[in-house]
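Structure record follows, encoded as structure tokens.
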Amino acid sequence: MNQRENFQVMLDGGKPEFIPSYVELYNLGLMGTNNTDMPWQGGVDPFGVNWIATKEGTIPEPNKFLFDDIADWEKYVHFPDIDTLGIEHVAQIELPNFNREEQIVNVFSVCGLFERLAAFMGFENALCSLIEDPESCQEFFEAFADYKIACHNRFIDVYQPDVITYFDDLATANGLFMSPTVYRNVIKPSHKRIVEAVTSRGVIFAQHTCGKCQEIIEDYVELGARIWNAAQISNDLEGILEKYKGRLIVEGGWDTSGPVSYINASTEAVIAEAERCAKEYGQKGNYIFTPVLINENGNSLIVGDPRLAPMAEAWHKIDKL
Amino acid sequence: MSKMEEVKAMLEAGKAKLVPGLVQEALDEGNDAQSILKAMIESMGVVGDKFSAGEVFIPEMLMAAKGMAKGVVVLKPLLAGGSTAYLGTCIIGTVEGDLHDIGKNLVAMMIESAGFEVVDLGVDVSAAKFIEAIKANNNVTLVALSGLLTTTMPALKTSVEAIKASGLTGFKVIVGGAPITPEFAATTGADGFAPDAGSAAVKAAELVG
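Chains U and E, in that order, are what the protein sequence lines are. Under our numbering, the first residue of the first sequence carries the number 34, and numbering increases by one thereafter. Under our numbering, the first residue of the second sequence carries the number 32, and numbering increases by one thereafter.
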């Protein structure tokens, strides 16, 4: 089986021939979202928010907010015209690199509903707004969902992806930023529309949420997400893999905060972590191995790292199923 | 319910806008500013414990901290001359190379609510800047360093080492951040570690008390 055929078996809840590694399974389309939501190298996005590139990712410039009071959002938020964002142009750069016969085309859509609210008004203001003025938050989320849906439709038109990975980090290492009730009442209705718009076009919806978010995994599955990305070990991954087999593929499992992700972690430690992932999660059959090696220049998948090749070699030798 | 009890209840419920009015009413009822402040600090301890236990979430804790700050504004003129409930000055910042501030901001609010005067140096703070701030402020009893990224963990260690080697005394150093474990914290030479904002405030008071 090639990566594509094997992936389909996993989606259908069958027993795959092998447990895929993220880097081998996907062709990633990253540049569309660079224009619509967050400049990967830093700079001003189409809403006027300035982003700063750090070694571990790009973040909105700290303490520089578009507005403080969510009731004012309509005065400050001006939605760009999708036609002016150059999505077709950047897609032309990425599309020739894709191998659709054997791999899965996965297009990123970063900065989801909550992340965008935080990008506009800072985490503290955004979080307080969710409980101080949920009505204005809901209005904002509805409007922003329209924008995301328009972006996703354009991504689907130009990239023809198998998967769209939608990023919205709603959790810390210890638990959700907000209560599940607040998520369900204030964010989920608009989130639902975003998922439906993707799946109604026959594209698989992958939900990215870092941190301990297991309390709302059931919500994600109910909404129609088929993949949960960046699943971190603070969650009960083995229980989730067991419970949702055939409904949700878990991507992640790497100890992103532990010693193996410190910048001086040894090649042996990295291989041992790959072995742990294989042993603890691989046998469940609905798991995609997603290594996250961090070095002094950032994420190794982007900046390269001599530990990657020996780890990949070891991964292929491990009995995973 | 007495006005003092109402202040505590509304603070714990995160009704930030109602707190200053109730604090004024509690004063009008004859309670002294010191007792009201003490009661509010106790309530923030309750909120911090609930947060650590997963019973309340960050928005509720933020709203309680907002209420505390608004209440203290009412009390401040009456606390002139030094309040025994205050625990000294805390210098706080995110270490060099790290721009993330949500954890640091939460800890700053909770530490302030526990009775510290907080001097927030912001993000990407060098060891030299921490040392300058310790020298420039009176009665520094606590220095709190935050780091979110695994790539900036070494900066946490070098900053603590530089602060400790500066020859300055009279304060304790506390560290924290998502990837920071008690084991790593111990290697930095810090006096204390806390896994979240609620317990950071408790640990801070314990270290200084």
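Even glycine gets a Cβ: it sits at the ideal position worked out from N, Cα and C.
Using a threshold of 8 Å, state whether the C-beta atoms of residue i and residue j are closer than that.
{"i": "M41 (chain E)", "j": "A96 (chain E)", "result": "no"}
{"i": "E36 (chain E)", "j": "S74 (chain E)", "result": "no"}
{"i": "I296 (chain U)", "j": "M344 (chain U)", "result": "no"}
{"i": "K160 (chain E)", "j": "L152 (chain E)", "result": "yes"}
{"i": "I72 (chain E)", "j": "L58 (chain E)", "result": "no"}
{"i": "N262 (chain U)", "j": "T198 (chain U)", "result": "yes"}
{"i": "G62 (chain U)", "j": "V140 (chain U)", "result": "yes"}
{"i": "G207 (chain E)", "j": "G134 (chain E)", "result": "yes"}
{"i": "G318 (chain U)", "j": "M43 (chain U)", "result": "yes"}
{"i": "V154 (chain E)", "j": "P95 (chain U)", "result": "yes"}
{"i": "K203 (chain E)", "j": "G220 (chain E)", "result": "no"}
{"i": "V110 (chain U)", "j": "L334 (chain U)", "result": "no"}
{"i": "L160 (chain U)", "j": "I89 (chain E)", "result": "yes"}
{"i": "G286 (chain U)", "j": "I266 (chain U)", "result": "yes"}
{"i": "A231 (chain E)", "j": "I205 (chain E)", "result": "yes"}
{"i": "G102 (chain E)", "j": "P185 (chain E)", "result": "no"}
{"i": "F355 (chain U)", "j": "N158 (chain U)", "result": "The structure shown does not extend to residue 355 (chain U), since chain U spans only 34 to 354, so no value can be given for it."}
Exposed or buried, what is residue i when buried is set at 16 or more other beta-carbons lying within 10 Å of its beta-carbon?
{"i": "S299 (chain U)", "result": "exposed"}
{"i": "A342 (chain U)", "result": "exposed"}
{"i": "V236 (chain U)", "result": "buried"}
{"i": "S33 (chain E)", "result": "exposed"}
{"i": "Q240 (chain U)", "result": "buried"}
{"i": "T87 (chain U)", "result": "buried"}
{"i": "V104 (chain E)", "result": "exposed"}
{"i": "I241 (chain E)", "result": "Because chain E is modelled from 32 through 240, residue 241 (chain E) falls outside the range shown and cannot be assessed."}
{"i": "K276 (chain U)", "result": "exposed"}
{"i": "N330 (chain U)", "result": "exposed"}
{"i": "P49 (chain U)", "result": "buried"}
{"i": "T200 (chain E)", "result": "exposed"}
{"i": "P324 (chain U)", "result": "buried"}
{"i": "I126 (chain U)", "result": "exposed"}
{"i": "T218 (chain E)", "result": "exposed"}
{"i": "G337 (chain U)", "result": "exposed"}
{"i": "T289 (chain U)", "result": "buried"}
{"i": "A209 (chain E)", "result": "buried"}
Which same chain residues end up closer than 7 Å to residue i when comparing Cβ atoms and leaving out the 5 residues on each side of it in sequence?
{"i": "S157 (chain E)", "result": "E127"}
{"i": "D269 (chain U)", "result": "Q247"}
{"i": "R217 (chain U)", "result": "D252"}
{"i": "L58 (chain U)", "result": "Q36, F40, Q136, I137 and I321"}
{"i": "V191 (chain U)", "result": "I120, E121 and A124"}
{"i": "M71 (chain U)", "result": "D78, W84, T91, V143 and C144"}
{"i": "P241 (chain E)", "result": "Any answer about residue 241 (chain E) is impossible in this case: the structure gives chain E only from 32 up to 240."}
Leaving out five residues on either side along the sequence, give the residues of the same chain with a beta carbon under 8 Å from the beta carbon of residue i.
{"i": "L146 (chain U)", "result": "F174, F177, A178, K181, D201, I220, S223, H224 and I227"}
{"i": "A311 (chain U)", "result": "I52, F322, W348, I351, D352 and K353"}
{"i": "D45 (chain U)", "result": "G279"}
{"i": "G76 (chain U)", "result": "N83 and W84"}
{"i": "T205 (chain U)", "result": "G244 and K245"}
{"i": "I282 (chain U)", "result": "M43, L44, R259, I260, W261, N319, Y320 and I321"}
Taking the alpha helix (DSSP H) that residue i belongs to, which residues open and close that run?
{"i": "N68 (chain U)", "result": "M64 to T69"}
{"i": "H122 (chain U)", "result": "I120 to E127"}
{"i": "E38 (chain U)", "result": "Q36 to L44"}
{"i": "S230 (chain E)", "result": "A228 to V239"}
{"i": "V231 (chain U)", "result": "K221 to T232"}
{"i": "Y117 (chain E)", "result": "From DSSP, Y117 (chain E) is part of no alpha helix (DSSP H); its letter is neither H nor E."}
{"i": "M154 (chain U)", "result": "L146 to M154"}
{"i": "E329 (chain U)", "result": "From DSSP, E329 (chain U) is part of no alpha helix (DSSP H); its letter is neither H nor E."}
{"i": "S169 (chain U)", "result": "P167 to Y192"}
{"i": "E134 (chain U)", "result": "Segment: none, E134 (chain U) is in no alpha helix (DSSP H) and carries neither H nor E."}
{"i": "M344 (chain U)", "result": "L341 to K350"}
{"i": "T205 (chain U)", "result": "It is not in any alpha helix (DSSP H) - T205 (chain U) carries neither H nor E in the DSSP assignment."}
{"i": "T323 (chain U)", "result": "Element bounds for T323 (chain U): n/a, residue is neither H nor E."}
{"i": "F215 (chain E)", "result": "P213 to T219"}
What are the boundary residues of the beta strand (DSSP E) that residue i is part of?
{"i": "G124 (chain E)", "result": "T120 to T125"}
{"i": "F238 (chain U)", "result": "I237 to H241"}
{"i": "Y199 (chain U)", "result": "V196 to F200"}
{"i": "N139 (chain U)", "result": "I137 to S142"}
{"i": "V204 (chain E)", "result": "K203 to G207"}
Leaving out the 5 sequence neighbours to the left and right, which residues in its chain are closer than 6 Å to residue i when beta-carbon positions are compared?
{"i": "V82 (chain U)", "result": "P93 and A152"}
{"i": "G208 (chain U)", "result": "K245"}
{"i": "C170 (chain U)", "result": "I103, S162, L163 and V219"}
{"i": "L180 (chain E)", "result": "D129"}
{"i": "K195 (chain E)", "result": "G220"}
{"i": "R309 (chain U)", "result": "none"}
Report the residues of the segment 140 to 157 of chain E with a CB closer than 9 Å to any CB of chain A, ordered along the chain.
The question asks about chain A, but that chain is absent: this structure's protein chains are U and E.
Let me know the alpha helix (DSSP H) ranges lying completely inside the segment 41 to 96 of chain E, each 4 residues or longer, listed in chain order.
50 to 59 and 64 to 83
Completely contained alpha helix (DSSP H) runs for the segment 44 to 113 of chain U, where each covers 4 or more residues
55 to 58, 64 to 69 and 106 to 109
Taking only runs of the alpha helix (DSSP H) that begin and end inside the segment 128 to 200 of chain E, which ones reach a length of at least 4 residues, in chain order?
133 to 144, 158 to 167 and 184 to 196
Would you list, in sequence order, the uninterrupted alpha helix (DSSP H) runs of no fewer than 4 residues that lie entirely inside the segment 249 to 319 of chain U?
250 to 256, 270 to 276 and 300 to 314
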